[in-house]
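Notes follow once the structure below has been shown.
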Amino acid sequence: MAGKAPRENIDESQLSVGPVKKTAVGIPGVVHALEVSFNQMGVVRSAQALLQINQKDGFDCPGCAWPEEEKRHKAEFCENGAKAVAEEATKLRVPPSFFAENSVSELRGWDDYRLGQQGRLTDPMFLAEGSDHYVPVSWDRALGILADELLALKDPNEAIFYTSGRTSNEAAFLYQLLVRGLGTNNLPDCSNMCHESSGSALTETIGIGKGSVSLDDIHHAELILIAGQNPGTNHPRMLSALERAKKNGAVIVAINPLPEAGLMRFENPQTVRGMVGGGTALADDFLQIKLGGDQALFQGLGKFLLEEQRRPGSAHAGRVFDTAFIESHTTGLGEYLAQLGAVTWEEIVIATGLTEAQIRSTGEKLLASKATVVCWAMGLTQHKHSVSTLRDVVNVLLLQGNIGKPGAGVCPVRGHSNVQGDRTMGIFERMPAAFHDALDREFSFASPRPHGFDTVAAISAMRDGKAGVFLGMGGNFVRATPDSSVTEAALNKLSLTAQISTKLNKSHLITGRQALILPTLGRTERDTQAGGDQRVTVEDSMSAVHASRGRLAPASSNLLSEVAIVARLAKLLFETDDGGTRPGAPVADWDALAGDYSLIRSHIAAVVPGFADFEAKIDQPGGFVLPHGPRDSRSFSTASGLAHFTANVLEYPKVPAGRLLLQTLRSHDQYNTTIYGKDDRYRGIKNGRRVVFVNQTDMDSLGIAEGAMVDLVSEWRDGVDRRAPDFRVVAYSTPVGCAAAYYPETNVLVPLDSTADISGTPTSKSVVIRLEPVA
Ligand SMILES: Nc1nc2c(c(=O)[nH]1)N[C@H]1C(S)=C(S)[C@@H](COP(=O)(O)OP(=O)(O)OC[C@H]3O[C@@H](n4cnc5c(=O)[nH]c(N)nc54)[C@H](O)[C@@H]3O)O[C@H]1N2
Ligand SMILES: Nc1nc2c(c(=O)[nH]1)N[C@H]1C(S)=C(S)[C@@H](COP(=O)(O)OP(=O)(O)OC[C@H]3O[C@@H](n4cnc5c(=O)[nH]c(N)nc54)[C@H](O)[C@@H]3O)O[C@H]1N2
Ligand SMILES: [Mo]
Numbered sequence: 001m002a003g004k005a006p007r008e009n010i011d012e013s014q015l016s017v018g019p020v021k022k023t024a025v026g027i028p029g030v031v032h033a034l035e036v037s038f039n040q041m042g043v044v045r046s047a048q049a050l051l052q053i054n055q056k057d058g059f060d061c062p063g064c065a066w067p068e069e070e071k072r073h074k075a076e077f078c079e080n081g082a083k084a085v086a087e088e089a090t091k092l093r094v095p096p097s098f099f100a101e102n103s104v105s106e107l108r109g110w111d112d113y114r115l116g117q118q119g120r121l122t123d124p125m126f127l128a129e130g131s132d133h134y135v136p137v138s139w140d141r142a143l144g145i146l147a148d149e150l151l152a153l154k155d156p157n158e159a160i161f162y163t164s165g166r167t168s169n170e171a172a173f174l175y176q177l178l179v180r181g182l183g184t185n186n187l188p189d190c191s192n193m194c195h196e197s198s199g200s201a202l203t204e205t206i207g208i209g210k211g212s213v214s215l216d217d218i219h220h221a222e223l224i225l226i227a228g229q230n231p232g233t234n235h236p237r238m239l240s241a242l243e244r245a246k247k248n249g250a251v252i253v254a255i256n257p258l259p260e261a262g263l264m265r266f267e268n269p270q271t272v273r274g275m276v277g278g279g280t281a282l283a284d285d286f287l288q289i290k291l292g293g294d295q296a297l298f299q300g301l302g303k304f305l306l307e308e309q310r311r312p313g314s315a316h317a318g319r320v321f322d323t324a325f326i327e328s329h330t331t332g333l334g335e336y337l338a339q340l341g342a343v344t345w346e347e348i349v350i351a352t353g354l355t356e357a358q359i360r361s362t363g364e365k366l367l368a369s370k371a372t373v374v375c376w377a378m379g380l381t382q383h384k385h386s387v388s389t390l391r392d393v394v395n396v397l398l399l400q401g402n403i404g405k406p407g408a409g410v411c412p413v414r415g416h417s418n419v420q421g422d423r424t425m426g427i428f429e430r431m432p433a434a435f436h437d438a439l440d441r442e443f444s445f446a447s448p449r450p451h452g453f454d455t456v457a458a459i460s461a462m463r464d465g466k467a468g469v470f471l472g473m474g475g476n477f478v479r480a481t482p483d484s485s486v487t488e489a490a491l492n493k494l495s496l497t498a499q500i501s502t503k504l505n506k507s508h509l510i511t512g513r514q515a516l517i518l519p520t521l522g523r524t525e526r527d528t529q530a531g532g533d534q535r536v537t538v539e540d541s542m543s544a545v546h547a548s549r550g551r552l553a554p555a556s557s558n559l560l561s562e563v564a565i566v567a568r569l570a571k572l573l574f575e576t577d578d579g580g581t582r583p584g585a586p587v588a589d590w591d592a593l594a595g596d597y598s599l600i601r602s603h604i605a606a607v608v609p610g611f612a613d614f615e616a617k618i619d620q621p622g623g624f625v626l627p628h629g630p631r632d633s634r635s636f637s638t639a640s641g642l643a644h645f646t647a648n649v650l651e652y653p654k655v656p657a658g659r660l661l662l663q664t665l666r667s668h669d670q671y672n673t674t675i676y677g678k679d680d681r682y683r684g685i686k687n688g689r690r691v692v693f694v695n696q697t698d699m700d701s702l703g704i705a706e707g708a709m710v711d712l713v714s715e716w717r718d719g720v721d722r723r724a725p726d727f728r729v730v731a732y733s734t735p736v737g738c739a740a741a742y743y744p745e746t747n748v749l750v751p752l753d754s755t756a757d758i759s760g761t762p763t764s765k766s767v768v769i770r771l772e773p774v775a
């Protein structure tokens with residue numbers, strides 16, 4: 001059965017709204033995954049692909065960064081992992097004839113769904129200045145154009161090198177070396193829009209920007225708080241771990257403005273009970289918090305613990321805090337407790353929309369638990385005050401010594417399957433000096449030290465005429481970033497935009513004066529080089545590094561691997577005609593590295609701490625876990641060598657009367673900017689995406705009826721009206737004043753300079769909007 005692609009934009013007039021689901025996964029999830037897979041890949045390729053996901057000698061699922069269980073199931077994938085694989089392993093193709101038939105200006109009118117459904121890119125393509133059609137070019141010519149444009153820049157800091165989080169460690173390491181070899185640290189990545197706030201808060205407070213728990217800790221936690229995360233859709237395999245925790249007696253509290261299906265109830269398709277129905281109730285308690293209220297909640301929990309610690313006659317008095325841990329491993333407690341004394345319960349109640357009793361009841365659960373984990377994702381990282389919110393999460397955990405002991409810790413649940421590994425490999429606009437020193441030693445050059453642009457700074461630089469060339473290592477920059485109209489105009493100003501991609505997306509159509517499409521192999525595909533078939537490595541959300549090997553035949557014989565593209569470009573940039581190295585460039589044997597990735601791994605082992613014996617360690621099934629001071633030995637590599645309590649002024653969004661606060665989030669049928677399908681099954685939406693979820697009370701007070709059509713208009717201090725037209729209003733269970741709509745359709749509403757303090761992450765979960773009825 002060959003796949004057939006839907007060829008039209010989504011027809012929003014077909015949209016229907018049905019009941020909201022309370023349970024995630026189970027049979028409908030699996031059946032849906034198989035339908036999507038057969039449709040895209042055909043039956044044989046589906047079976048080949050799906051059975052290799054996350055197996056010990058197979059490929060790492062490109063779906064999400066949740067770790068694999070030690071004991072693998074035969075089918076170690078979830079509905080959305082299967083969809084991610086089907087998107088990549090599809091039989092559909094976008095050959096050069098597609099671009100002859102469709103002009104760039106026509107394709108700009110296609111929506112993200114229609115573009116993504118066309119299939120895999122097959123050949124390098126070039127869009128010349130003034131032309132409206134991409135034409136095929138050889139790899140030599142394509143890379144030659146890119147190298148010439150890069151070398152023609154007056155200053156290497158006019159080049160911008162974006163990375164998305166699917167790129168392997170090997171490709172990411174070579175890529176950052178190329179970028180630094182050219183003389184810039186302009187390495188913005190998707191992480192800037194994702195978990196940057198987590199990295200900022202954790203590095204400052206515990207000395208490392210990564211989570212401190214293992215899967216085993218989740219299984220054995222006594223209390224798990226899940227804040228700002230929708231695992232039923234975005235990390236479905238996490239539900240199996242939660243189910244296991246639950247069986248071991250864990251208490252789970254969901255902290256979310258929306259009653260997300262997976263948090264409430266879960267049917268595990270890999271158990272008989274899950275197949276038959278019923279499933280496991282996951283959350284013992286649901287705190288339906290207002291958007292941006294989490295800092296107040298965690299300050300409230302801290303306040304409760306402090307009151308209990310000091311309350312005369314309380315059974316817990318003097319025993320709430322882990323005094324031994326606090327005294328030997330932390331600093332700053334006094335300032336933190338003083339800050340807790342300064343916040344009032346009245347303000348906490350206003351900020352959270354919860355009752356004091358609800359917060360105290362969660363506090364009681366903390367008191368009763370000897371091992372607590374806090375998990376979070378985008379609901380906590382994409383607010384103005386996200387870094388201070390996460391510092392307050394750390395504060396509460398430190399009070400009870402919940403870091404570096406079994407069943408306890410911080411668990412930022414990462415998004416892209418190798419986003420954490422890319423950062424470990426140096427994809428960061430401001431790597432620490434020790435990394436630069438090691439890189440310089442290994443490749444005999446002097447890497448640039450001034451910080452580069454993060455994502456938002458890169459867009460500002462392009463807008464302000466301070467950039468000339470953009471290269472994307474995966475991702476869909478123009479749709480993932482905020483303030484779509486500003487970003488589109490910024491990209492249009494460049495002389496060249498080039499994208500290393502697997503699938504067609506808007507970033508190929510909103511371009512500089514010239515553009516290149518550089519098609520590449522995906523994770524599922526066989527990667528054959530001079531030295532034979534190659535494997536790559538990835539790092540999951542819990543710092544486990546393991547090998548990934550694709551086995552499917554490549555989508556086209558004219559694809560290059562990401563590693564090969566980088567190595568060939570590096571040769572053009574850094575080698576002299578006689579094969580020597582240009583003065584000042586990093587010294588490396590680029591051909592050899594591209595021919596045998598184990599040579600890249602030996603460089604990584606020499607530069608990045610924790611990778612000694614890299615090759616041998618990934619020969620072991622399941623790979624190895626990187627060192628993590630707080631987790632392994634309660635050692636904290638902060639300036640003081642201690643974990644830091646911090647005193648944070650309480651912040652929460654304040655919305656003018658008649659306005660709503662909008663969060664932009666994912667439907668069940670999308671992977672970031674890739675739209676798999678038109679439904680959001682758990683939330684009851686079918687055949688459309690332009691919906692805005694609003695509380696009935698707000699609809700009544702605004703005089704807007706269910707089903708009404710509205711424009712979403714965002715209001716920001718610059719006075720510019722940013723508008724997303726034609727959304728249908730859906731009454732939904734969300735706190736009063738808080739609305740929700742899908743990304744990326746709503747990115748046009750997020751002002752470029754509305755970013756989180758310190759981390760610079762766009763505030764995609766708090767946009768002030770008004771609803772304007774469509775006449
Ligand atoms: N199938 C699938 N899997 C994915 C992705 C995908 O698009 N599709 N994307 C991947 C990536 S890159 C990432 S980063 C992750 C994203 O995973 P999530 O963070 O789960 O993704 P979002 O859809 O943005 O959902 C945010 C959740 O936080 C809640 N929330 C929003 N604001 C607040 C708040 O102020 N407080 C609290 N407590 N909750 C809030 C929302 O209601 C929602 O449940 O998933 C990864 N996995
Ligand atoms: N409003 C709003 N904006 C957001 C968010 C939000 O919640 N709200 N979330 C933010 C988050 S968390 C993230 S992570 C970003 C995501 O930002 P990105 O990572 O930039 O976006 P994706 O949609 O994941 O990228 C999809 C594209 O990647 C390419 N691709 C897929 N696999 C591969 C591969 O193996 N190699 C290569 N080279 N290319 C590949 C395909 O061409 C595909 O079209 O968006 C951010 N933007
Ligand atoms: Mo993400």
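Heads up: the sequence shown is residues 1 to 775, going by the UniProt record's numbering. Glycine included, C-beta positions come from ideal geometry on N, C-alpha and C. Bear in mind that the values here come from a model prediction, so they are computed numbers and not experimental data.
Which value, in whole angstroms, describes the spacing of the CA atoms of His-546 and Gln-499? For His-546 and Gln-499, the gap between their C-alpha atoms comes out near 27 Å.
Evaluate the contact criterion for the stretch 653-672 versus the stretch 738-746: three or more CB pairs, one atom per stretch, below 8 Å. At 8 Å Cβ cutoff, the stretches touch.
DSSP on His-329, reduced to helix/strand/coil? Reduced to three states, the DSSP call for His-329 is helix.
Expressed to the nearest angstrom, what Euclidean distance is found between the alpha-carbon atoms of Glu-364 and Cys-61? Each residue's CA atom was taken as its position, placing Glu-364 and Cys-61 some 38 Å apart.
Quick check on the DSSP output: the beta strand (DSSP E) that includes Asp-285 runs from which residue to which? 285-287
Taking buried to mean at least 16 other C-beta atoms within 10 Å of its own C-beta, is residue 777 buried or exposed? The requested residue 777 does not occur in the structure, where the chain is confined to residues 1 to 775.
Same chain only: Cβ atoms within 7 Å of Lys-405, ignoring 5 sequence neighbours per side: Contacts found: Ala-371.
Ligand 2 and Leu-661: does the residue's C-beta get closer than 7 Å to at least one heavy atom of that ligand? no
Residue ranges of each alpha helix (DSSP H) within the stretch 590-648, 4 or longer: Counting only runs of 4+ residues, the alpha helix (DSSP H) found wholly inside the stretch 590-648 occupies 590-595, 597-607, 614-619 and 629-633, in chain order.
Quick one: residues with CB closer than 5 Å to any heavy atom of ligand 3, in chain order, please. Cys-194 and Gly-415
Measuring alpha carbon to alpha carbon, tell me which residue in Asp-669, Ile-255, Asp-123 and Gly-622 is nearest Pro-96. Asp-123
Unbroken alpha helix (DSSP H) run spanning Leu-752, endpoints: Per DSSP, Leu-752 belongs to no alpha helix (DSSP H) and is neither H nor E.
Let me check you understand the geometry: is the CB of Thr-233 closer than 7 Å to at least one non-hydrogen atom of ligand 1? Yes; taking the cut-off as 7 Å, the Cβ of Thr-233 has a heavy atom of ligand 1 nearer than that.
Under the criterion of a Cβ to heavy atom distance below 7 Å, does Ala-515 qualify as lining ligand 2? no
Simplified DSSP assignment, three categories, for Trp-345: The three-state reading of DSSP puts Trp-345 in helix, counting H, G and I together.
Would you kindly check if the distance between the Cβ of Glu-88 and the Cβ of Thr-524 is under 8 Å? For Thr-524 and Glu-88, yes; Cβs fall inside 8 Å.
Kindly indicate which three-state DSSP category Leu-560 falls into: helix, strand or coil? strand
Can you give me the Cβ contacts of Val-213 inside the same chain, cut-off strictly under 6 Å, excluding the 5 residues immediately before and after it? Val-373, Gly-409 and Cys-411
Give the DSSP-derived three-state secondary structure of Tyr-732 in the structure shown. In this structure, Tyr-732 counts as coil in the three-state DSSP scheme.
Cross-strand partners of Asp-533 (DSSP beta bridge): Thr-528
Would you say Phe-443 and Val-587 are within 8 Å of each other, going by their C-beta atoms? yes
For Cys-194, which residues from the same chain have a beta carbon less than 6 Å from its beta carbon, with the 5 sequence-adjacent residues on both sides left out? Gly-415
DSSP puts Phe-161 in a beta bridge; with which residues? Leu-471
Residue of Leu-174, Asp-422 and Leu-182 minimising C-alpha distance to Leu-151: The shortest C-alpha separation from Leu-151 is found at Leu-182.
Beta-bridge pairing of Gln-663 - partner residues as DSSP gives them: Ala-740
In the stretch 343-422, which residue ranges form an unbroken beta strand (DSSP E) of at least 3 residues, counting only runs that do not cross its ends? 372-376 and 409-412
Which of helix, strand or coil does DSSP assign to Pro-19? coil
Are Ala-283 and Ala-254 touching if we call contact CB-CB under 8 Å? yes
Leaving out five residues on either side along the sequence, give the residues of the same chain with a beta carbon under 6 Å from the beta carbon of Gly-277. The predicted model places Gly-277 with a pLDDT of 45, which falls under 50 and marks its position as unreliable; any figure quoted below should be read in that light. Taken in chain order, the list of residues that qualify is empty.
For Ala-245, which residues from the same chain have a beta carbon less than 8 Å from its beta carbon, with the 5 sequence-adjacent residues on both sides left out? Ile-218, His-219, His-220, Ala-221, Ile-224 and Ile-252
Just checking Lys-503 against ligand 2 - is the residue's beta carbon closer than 7 Å to any of the ligand's heavy atoms? yes
Answer yes or no: the CB of Arg-523 versus the heavy atoms of ligand 2, is any distance below 7 Å? yes
Tell me whether the beta-carbon of Gly-232 lies closer than 8 Å to the beta-carbon of Tyr-682. yes
Going by DSSP in three states, Met-497 sits in which element: helix, strand or coil? Contrary to the premise, residue 497 reads as Thr rather than Met in this sequence. The answer is strand: DSSP assigns Thr-497 an E or B state.
Inspect the beta-carbon positions of Gly-407 and Phe-325 and report whether they are closer than 8 Å. Not in contact: Gly-407 and Phe-325 (Cβ atoms no closer than 8 Å).
Could you tell me the alpha carbon to alpha carbon distance between Gly-144 and Leu-569, rounded to whole angstroms? 8 Å
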